[in-house]
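Top to bottom, those sequences are chains Y, A, W, X, V, R, L and E.
Counting from 1, position 52 in the first sequence corresponds to residue 52 in the UniProt record's numbering; the numbering is continuous, with no gaps.
Counting from 1, position 201 in the second sequence corresponds to residue 201 in the UniProt record's numbering; the numbering is continuous, with no gaps.
Counting from 1, position 239 in the third sequence corresponds to residue 239 in the UniProt record's numbering; the numbering is continuous, with no gaps.
Counting from 1, position 77 in the fourth sequence corresponds to residue 77 in the UniProt record's numbering; the numbering is continuous, with no gaps.
Counting from 1, position 178 in the fifth sequence corresponds to residue 178 in the UniProt record's numbering; the numbering is continuous, with no gaps.
Counting from 1, position 123 in the sixth sequence corresponds to residue 123 in the UniProt record's numbering; the numbering is continuous, with no gaps.
Counting from 1, position 206 in the seventh sequence corresponds to residue 206 in the UniProt record's numbering; the numbering is continuous, with no gaps.
Counting from 1, position 150 in the eighth sequence corresponds to residue 150 in the UniProt record's numbering; the numbering is continuous, with no gaps.
Heads up, the beta-carbon is just placed ideally off N, CA and C, and yes, glycines get one too.
I have placed the structure first, in the form of structure tokens, so that the comments after it can refer back to it.
Number of protein chains: 8
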Amino acid sequence: MEQRAIRALLEQVANGSVPVDEALLKLKMEPFEELGYAKLDHHRGLRQGTAEVIYGAGKTPEQIAGIVDAMRAGGQETILITRMSRQSADAISPSHPFVYHEMGRIGIVGNLPEPDGVGTIVVATGGTSDMPVAEEAALTAQALGNQVTRLYDVGVAGLHRLLSHMEEIMNARVIIAIAGMEGALASVIGGLADCPVIAVPTSVGYGACFGGLSSLLSMLNSCASGVSVVNIDNGFGAGYLASMINHLEGKHA
Amino acid sequence: MEQRAIRALLEQVANGSVPVDEALLKLKMEPFEELGYAKLDHHRGLRQGTAEVIYGAGKTPEQIAGIVDAMRAGGQETILITRMSRQSADAISPSHPFVYHEMGRIGIVGNLPEPDGVGTIVVATGGTSDMPVAEEAALTAQALGNQVTRLYDVGVAGLHRLLSHMEEIMNARVIIAIAGMEGALASVIGGLADCPVIAVPTSVGYGACFGGLSSLLSMLNSCASGVSVVNIDNGFGAGYLASMINHLEGKHA
Amino acid sequence: MEQRAIRALLEQVANGSVPVDEALLKLKMEPFEELGYAKLDHHRGLRQGTAEVIYGAGKTPEQIAGIVDAMRAGGQETILITRMSRQSADAISPSHPFVYHEMGRIGIVGNLPEPDGVGTIVVATGGTSDMPVAEEAALTAQALGNQVTRLYDVGVAGLHRLLSHMEEIMNARVIIAIAGMEGALASVIGGLADCPVIAVPTSVGYGACFGGLSSLLSMLNSCASGVSVVNIDNGFGAGYLASMINHLEGKHA
Amino acid sequence: MEQRAIRALLEQVANGSVPVDEALLKLKMEPFEELGYAKLDHHRGLRQGTAEVIYGAGKTPEQIAGIVDAMRAGGQETILITRMSRQSADAISPSHPFVYHEMGRIGIVGNLPEPDGVGTIVVATGGTSDMPVAEEAALTAQALGNQVTRLYDVGVAGLHRLLSHMEEIMNARVIIAIAGMEGALASVIGGLADCPVIAVPTSVGYGACFGGLSSLLSMLNSCASGVSVVNIDNGFGAGYLASMINHLEGKHA
Amino acid sequence: MEQRAIRALLEQVANGSVPVDEALLKLKMEPFEELGYAKLDHHRGLRQGTAEVIYGAGKTPEQIAGIVDAMRAGGQETILITRMSRQSADAISPSHPFVYHEMGRIGIVGNLPEPDGVGTIVVATGGTSDMPVAEEAALTAQALGNQVTRLYDVGVAGLHRLLSHMEEIMNARVIIAIAGMEGALASVIGGLADCPVIAVPTSVGYGACFGGLSSLLSMLNSCASGVSVVNIDNGFGAGYLASMINHLEGKHA
Amino acid sequence: MEQRAIRALLEQVANGSVPVDEALLKLKMEPFEELGYAKLDHHRGLRQGTAEVIYGAGKTPEQIAGIVDAMRAGGQETILITRMSRQSADAISPSHPFVYHEMGRIGIVGNLPEPDGVGTIVVATGGTSDMPVAEEAALTAQALGNQVTRLYDVGVAGLHRLLSHMEEIMNARVIIAIAGMEGALASVIGGLADCPVIAVPTSVGYGACFGGLSSLLSMLNSCASGVSVVNIDNGFGAGYLASMINHLEGKHA
Amino acid sequence: MEQRAIRALLEQVANGSVPVDEALLKLKMEPFEELGYAKLDHHRGLRQGTAEVIYGAGKTPEQIAGIVDAMRAGGQETILITRMSRQSADAISPSHPFVYHEMGRIGIVGNLPEPDGVGTIVVATGGTSDMPVAEEAALTAQALGNQVTRLYDVGVAGLHRLLSHMEEIMNARVIIAIAGMEGALASVIGGLADCPVIAVPTSVGYGACFGGLSSLLSMLNSCASGVSVVNIDNGFGAGYLASMINHLEGKHA
Amino acid sequence: MEQRAIRALLEQVANGSVPVDEALLKLKMEPFEELGYAKLDHHRGLRQGTAEVIYGAGKTPEQIAGIVDAMRAGGQETILITRMSRQSADAISPSHPFVYHEMGRIGIVGNLPEPDGVGTIVVATGGTSDMPVAEEAALTAQALGNQVTRLYDVGVAGLHRLLSHMEEIMNARVIIAIAGMEGALASVIGGLADCPVIAVPTSVGYGACFGGLSSLLSMLNSCASGVSVVNIDNGFGAGYLASMINHLEGKHA
């Protein structure tokens with residue numbers, strides 16, 4: 001149950017439209033719903049104020065479809081499924097509204113919410129091969145209610161490509177910089193922008209790329225301030241964190 | 001020159017209190033002031049809207065003192081000097097207001113600004129040996145205008161120590177989680193909090209710690225969403241990024 | 001070689017009945033001769049007394065089936081086959097009582113023994129993807145005569161899931177903590193429990209997980225006392241050691 | 001939070017005596033609130049019941065002396081100080097009974113307790129250079145109330161040295177196997193003994209030893225069952241775990 | 001931004017025709033605005049002037065065929081496609097002149113240009129298994145207008161094979177030394193030749209070769225002057241750089 | 001170049017019959033010219049005098065068959081083909097006497113020579129999974145004219161298995177010790193035997209074995225004298241070197 | 001003896017000003033002059049056409065002074081001493097013209113030659129801490145007869161600093177790009193320039209810099225063509241190679 | 001006690017010149033003489049037929065002197081002390097014949113034996129910085145009764161230096177090839193010689209040398225047959241093994 005939903009429930013209790021007992025029942029069913037393969041943690045929604053996410057890797061199509069059914073039955077509107085195969089996408093019950101984004105290996109059940117973040121999240125990549133990770137990040141951010149601008153293939157070896165987007169960069173509230181190989185994009189963007197930059201190293205490359213180690217180390221050693229790093233190929237993590245930063249304001253309004 | 005200072009200057013031009021020529025002169029002297037050992041980048045202040053920072057490692061006491069003198073002459077109010085030795089601290093001219101914080105190896109010229117960030121930054125460490133990195137982060141954040149709460153020695157091997165501070169954790173706008181050895185603090189805090197968590201691995205430990213590699217990898221692989229990582233022992237980077245996030249709101253007010 | 005035997009040998013040299021070269025050879029082999037290997041071997045047979053174990057990886061179905069037949073013919077009641085494929089399971093002769101546990105890739109010939117260990121072994125995992133390793137550990141422990149409690153998917157990013165099982169944790173005699181990614185589970189459990197914790201890093205994860213290196217290093221650097229580590233994905237080793245600890249008492253009764 | 005408490009809270013929301021925001025905050029903190037931290041803490045105090053431990057590395061002589069004074073004033077009889085320098089030892093107040101063991105870099109305040117463990121802990125090393133780590137392990141075990149047998153310099157390159165101690169090995173309840181370089185000692189002992197073997201890799205060696213990596217990997221890959229590993233040079237951790245295992249019985253008597 | 005432009009801006013601020021915020025934004029973007037990106041881009045087009053290059057890895061046959069069609073339509077004569085599969089080669093429209101070189105995984109659209117470099121580029125390999133990388137390098141250099149001499153299988157374990165080609169080595173203008181395993185070829189050639197040597201480590205080998213790490217480190221540590229290194233298996237990069245060096249003269253004639 | 005030759009050259013320069021540039025080139029190539037490469041080559045042919053060796057990995061069945069035909073036509077009696085697949089074996093012309101050893105992935109054309117080495121080569125393995133590497137070593141040694149004794153599955157976790165073969169170990173002239181996982185076999189044998197021990201780490205294992213790194217480092221750090229190491233899984237190299245040592249005597253008779 | 005010197009000698013022989021015998025004597029004394037600690041390789045000068053270089057690391061001041069004396073006695077005009085300590089500099093005989101450059105740890109005996117290279121070598125660094133390596137490169141290039149332009153502290157985190165030097169970059173014949181931390185400078189320059197770029201990773205940084213590994217991998221994975229890499233901190237190697245490239249033309253005039 | 005000594009003793013028993021009881025006493029005192037810090041393993045002498053060796057690293061001057069005294073009192077003629085500091089050398093009692101070799105950090109008590117090996121051991125190094133390791137190897141071999149030829153500074157970057165010693169290389173019975181940096185010497189020598197080559201990687205180098213890793217990997221991947229490797233900087237191990245090989249013949253005379 002999302003924080004928004006709990007607040008709504010409490011407000012319904014406060015204004016009398018939902019009786020205490022019904023609210024209690026809803027909350028009681030919350031934290032540990034046993035599904036057989038995993039304890040779905042609805043409470044996590046509460047604490048972190050976002051929609052529910054299913055990590056699709058290592059789960060069978062049937063398992064994913066089952067979790068989706070259960071979540072929807074539990075009132076969850078939007079569900080994001082990451083690292084989802086085409087086969088798993090085909091197993092989702094046609095009774096749910098559902099879109100599968102192949103490049104980002106992401107399935108989204110329910111409608112994308114209206115963007116309610118403070119500003120725009122820019123998702124930039126060094127090359128075209130980084131696009132699957134970028135789409136995972138961008139779709140995650142969109143599913144969590146953010147306006148997203150994509151700047152793909154603006155790697156530092158052709159600096160003018162990046163510089164021609166200075167306006168998007170200067171106006172972003174958060175930037176996700178995604179690159180494999182030498183991973184220099186994060187530093188260059190970090191030096192240009194005055195907003196938080198979330199760097200995502202990718203495993204794109206060969207040889208001394210060592211599965212993403214080169215861009216990972218490069219990004220961790222960035223000499224630009226305001227840059228932090230998530231795991232190699234972790235587009236979801238970057239999109240999630242960017243959304244969190246982009247929604248910060250509401251909390252303290 | 002800080003963004004604030006440039007805005008102030010422009011406003012003085014707008015209201016006529018500073019003539020165009022004088023403003024032009026001030027701006028002209030800006031971007032590249034040649035000091036001999038380094039091109040001080042005052043323009044950087046403009047782009048990133050913060051006070052000036054000197055990275056003290058590898059600079060002689062005389063070099064640091066000289067840069068400070070030049071910056072102050074250029075109108076810079078607050079200057080943060082990181083990785084500063086006691087000897088370098090002793091070399092700062094007594095004519096500048098100056099405090100040296102030994103544990104964090106940080107010197108601050110000028111007065112700490114009033115906190116003007118949106119919320120509170122929590123700086124948490126796994127152990128007492130992580131405190132130098134934590135102080136670097138905390139003092140950086142304070143020097144950049146943030147309210148900081150310190151939660152030191154709340155490592156996961158004694159979970160109740162951390163849980164007894166749930167209120168600070170739930171109320172933070174940004175949390176900096178600092179830990180060496182197994183670096184589990186970031187994941188545990190990331191699972192509890194609903195705000196961005198900046199993880200700082202430290203080189204504290206021995207043996208298979210491999211100079212901070214263990215906590216670095218641990219933090220990069222955090223299963224908690226909302227966690228990103230900076231370089232090993234990079235307290236400054238974490239404090240800077242936390243401040244950036246904590247000041248985001250103003251931009252879009 | 002006893003002093004008496006050496007004296008006898010020297011006397012044979014002195015009286016010429018043993019040539020110098022032969023005596024020299026005997027002396028060279030001396031330190032290892034008197035050990036009684038058969039006894040050693042016998043001893044090993046004695047002390048295991050429960051299930052024999054076959055390491056299935058790299059063996060053909062036919063080889064495994066053959067070993068099982070031979071062991072059973074030799075009177076072995078329970079046989080544990082680890083890293084066993086479905087194909088190998090299908091090759092076991094139907095004349096043996098046999099169960100194949102697919103998740104843990106373990107086959108058990110004969111009946112599970114009655115638990116005769118001192119207490120209970122808790123097998124805990126950080127996520128659902130760690131379950132194959134956990135089942136290998138749990139079934140091994142059961143096959144060796146232990147009561148096992150499974151706590152799966154209690155990773156530290158949702159701390160309340162783990163904390164809701166404090167009673168099982170406090171009552172365990174040995175705990176096997178299994179986790180991939182950041183491997184923080186071992187430290188958190190190690191800080192809560194007052195019994196030996198055997199940590200099993202898993203290769204679950206991606207990117208900077210580097211095949212289990214992240215959780216391995218994390219567990220080796222655990223700041224909690226009472227934690228030791230076995231090889232990545234080594235569920236069997238953890239189950240075997242846990243059983244050994246859980247049966248210690250009998251020896252000294 | 002009990003169901004009753006949640007119902008009460010919801011009723012307060014319903015009757016307006018608790019605002020929605022406050023209720024939301026209470027629900028967010030709920031999963032961790034009811035644990036009874038003080039009790040947990042107390043529990044930890046109870047279960048160790050022997051020596052308190054101070055990790056001396058990174059603490060000044062004055063800090064250590066101060067902690068010792070405070071602990072003793074608090075009624076603590078025996079205090080173990082690990083990684084203690086000679087200078088720190090000299091700073092301990094002469095009013096406390098105190099012995100400093102230089103080789104193991106361990107100081108012990110108060111008298112060693114009478115051994116109350118079930119059996120004997122064997123501490124074995126591959127070479128003489130491993131003795132500092134071994135003494136840290138052995139003295140830790142003694143300070144925690146264990147009978148300890150030392151078998152030093154019994155490395156596998158001179159196998160007869162180890163084999164001449166078969167009796168101690170077969171009679172041990174726990175064995176701590178300490179070795180640098182190729183770390184083979186743990187496997188050989190693990191193959192001979194029928195009790196838990198705690199392997200401690202040391203940083204002894206040079207070249208491709210890589211600071212203990214060679215023996216660490218060797219021990220993690222041990223083909224002998226019943227072997228687990230702690231961090232490089234972690235004599236204390238091994239001694240503590242060995243003592244824990246050696247005291248298991250009392251709990252279930 | 002010229003001084004004149006900044007003065008004009010300030011005057012607009014002073015007379016109120018430009019608001020402070022807009023002026024601030026203009027100043028922030030100032031350092032990059034005057035670069036003339038189109039010119040930069042044009043320049044890059046100019047300076048390559050020979051073959052365009054398509055990096056085929058990760059592109060579908062259809063994508064590659066489409067890019068080729070577009071380039072040809074745009075007037076590009078010669079097109080080099082690296083890391084090209086046989087399937088992609090089959091997808092190239094028969095209307096283009098096209099040759100596919102299987103060993104080097106390179107396709108060339110259009111005719112090879114007449115060599116117009118200053119001298120000869122020698123491409124040498126340690127073994128026959130290094131030939132795919134070597135062909136990538138050699139064909140790249142040929143497509144860029146260079147005379148190429150191939151010396152394959154002249155590894156250092158049979159030194160006379162290399163020494164029998166001393167004349168080619170002494171007459172080369174650039175040498176590309178390609179080797180896997182111990183990578184010694186680069187050092188030996190570097191010690192013999194008096195021209196730049198571009199070393200290409202390959203992933204050829206097994207075991208402690210670690211995917212090319214052994215030859216990479218070996219080449220980086222070459223004790224011969226004049227040797228530099230490109231990424232593992234990066235035949236294209238070596239061929240491109242060699243061509244660049246071999247065409248240097250024209251520029252300064 | 002002899003002094004006489006240089007004098008002659010200088011005189012030709014002096015009298016103008018050789019231009020300066022030509023003389024310069026001759027002097028540049030001088031140090032390598034007088035080596036007599038053919039003699040070198042011939043020498044190599046002489047010294048091997050037994051089996052020629054083909055490294056089968058990366059060669060097609062047709063290539064291997066062709067090389068064999070050519071060698072046989074050239075008079076070569078015995079040919080050893082390593083890393084040979086079953087398919088390649090099937091492609092060998094039936095007109096050659098040929099045996100394929102599947103486990104060691106070795107094909108031998110022609111008859112094995114009579115053993116003419118000085119003593120016996122012992123090939124020992126830690127486990128049964130190391131047998132492919134061992135067979136590569138043993139068959140190589142046999143094809144090069146050596147008496148070979150196989151001691152398989154004598155790993156250190158069951159020491160008595162090894163010790164029951166003390167006589168073979170004490171009588172060996174060279175021992176090849178092959179092991180994966182912790183690789184302790186080399187050290188134990190090295191401590192027992194008084195002959196050269198060639199250690200072969202294997203990639204057998206999982207997890208922290210890291211493809212053979214664990215046994216490689218273990219063997220390099222062996223505390224037993226007389227042990228040297230070849231590449232991971234390099235059975236051929238060990239067999240070749242063992243044969244070389246076992247044939248040393250003849251040279252100096 | 002440098003190639004120039006030998007050519008001069010030959011020309012003197014050709015024009016009769018030096019008799020054959022005297023020339024022979026000079027050449028005879030050449031290749032292996034035994035100095036006790038090292039075979040000075042004067043012949044190397046011949047093959048590679050440059051001045052003599054002494055690698056000062058690991059040599060005593062006396063050894064260096066002795067080698068210098070011998071070289072000068074042998075007619076060597078300019079001698080470059082790299083990795084030279086202040087103490088070694090003080091030990092050079094005052095009878096030689098000598099300058100010591102402390103930052104680059106380079107001593108130069110004799111006068112710097114007039115630049116005779118084709119164009120200009122640009123030496124660029126990311127930060128001020130990279131300057132020692134840069135000076136080693138720049139002074140090496142100067143000592144070998146090159147015009148050098150220094151662009152220090154133009155790292156990518158402040159892109160305008162680099163871009164303000166576009167003219168120097170576009171006009172360079174070779175560029176040496178030196179950077180530690182994330183090493184992105186090489187890629188950015190490689191993307192801007194149309195000449196060979198020699199990348200030098202430095203060990204500047206901390207934490208996940210791992211002694212230069214981060215910038216090394218970053219540079220090896222550069223997505224810009226025309227970039228090759230030398231060893232970490234190898235300023236000399238870069239300067240030497242740059243000079244070689246900058247002098248290429250003469251050879252084929 | 002060396003094997004020679006035991007044989008002599010047995011012969012004295014056989015010819016009656018030593019009574020059985022006296023021989024028994026001598027043998028009984030043998031295997032484990034307790035010296036306080038280490039069990040001196042005289043028996044090791046027996047098994048391996050060589051003089052005694054003390055590994056000096058990590059032992060105090062007093063400990064070393066004490067061990068020497070005890071060994072000499074026990075009849076040991078020649079004692080080799082490796083990794084010995086000048087201070088330890090000064091502590092050796094003047095009553096023993098003793099020479100200290102500073103470069104190789106080796107002390108030798110007693111006279112060097114007459115060479116009794118079969119042939120000559122060549123010790124070759126790539127550079128002068130490898131000489132300490134080479135001297136350790138060469139002096140070890142000499143102390144064990146071998147004729148040694150030193151070929152220092154014959155690295156592959158100046159191939160003619162190595163080739164000018166072809167005669168020594170072709171006549172060697174064993175070659176020890178010692179090199180740091182790229183370690184190519186072992187492969188080149190392995191390709192030239194027809195005798196066993198023992199490769200010793202050294203930690204000489206900087207940057208991507210990574211403490212000897214580069215030459216270690218290079219040597220392990222040598223494409224020349226007959227090459228095996230010992231630990232980084234392990235001159236003693238190489239000298240010992242070379243001596244073992246060089247003395248093989250006697251055993252089977």
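| Item | Value |
| --- | --- |
| Since Gly212 (chain Y) meets chain B, which of its residues come closer than 9 Å, beta carbon to beta carbon? | The displayed structure is made up of protein chains Y, A, W, X, V, R, L and E, and chain B is not among them. |
| In or out: Val174 (chain E) buried (at least 16 other Cβ within 10 Å) or exposed? | buried |
| Could you check what DSSP says for Pro201 (chain W) in three-state terms: helix, strand or coil? | strand |
| Would you mind listing the beta strand (DSSP E) stretches within the segment 149–225 of chain Y that are 3+ residues and don't spill past its ends, in chain order? | 174–179 and 197–201 |
| I'd like the span of the alpha helix (DSSP H) that includes Glu136 (chain E), first residue to last. | Met131 to Ala143 |
| If Leu248 (chain E) and Leu248 (chain R) are in contact, beta carbons under 8 Å, what's the gap, nearest whole angstrom? | 6 Å |
| Entirely within the segment 86–111 of chain L and at least 4 residues each: give me those alpha helix (DSSP H) ranges in chain order. | 86–91 |
| Going by beta carbon distance, what residues of the same chain come within less than 6 Å of Phe32 (chain W), once the five residues before and after it are set aside? | Caution is warranted here: a pLDDT of 47 is assigned to Phe32 (chain W), below 50, making its placement in the model unreliable, and the coordinate value is therefore given only provisionally. None. |
| Secondary structure at Ser243 (chain V), three-state DSSP: helix, strand or coil? | helix |
| For Gly74 (chain W), is the classification buried or exposed, using 16 other Cβ atoms within 10 angstroms of its Cβ as the cut-off for buried? | exposed |
| By the criterion of Cβ-Cβ separation under 7 Å, what are the contact partners of Gly237 (chain L) in chain V? | Ser225 |
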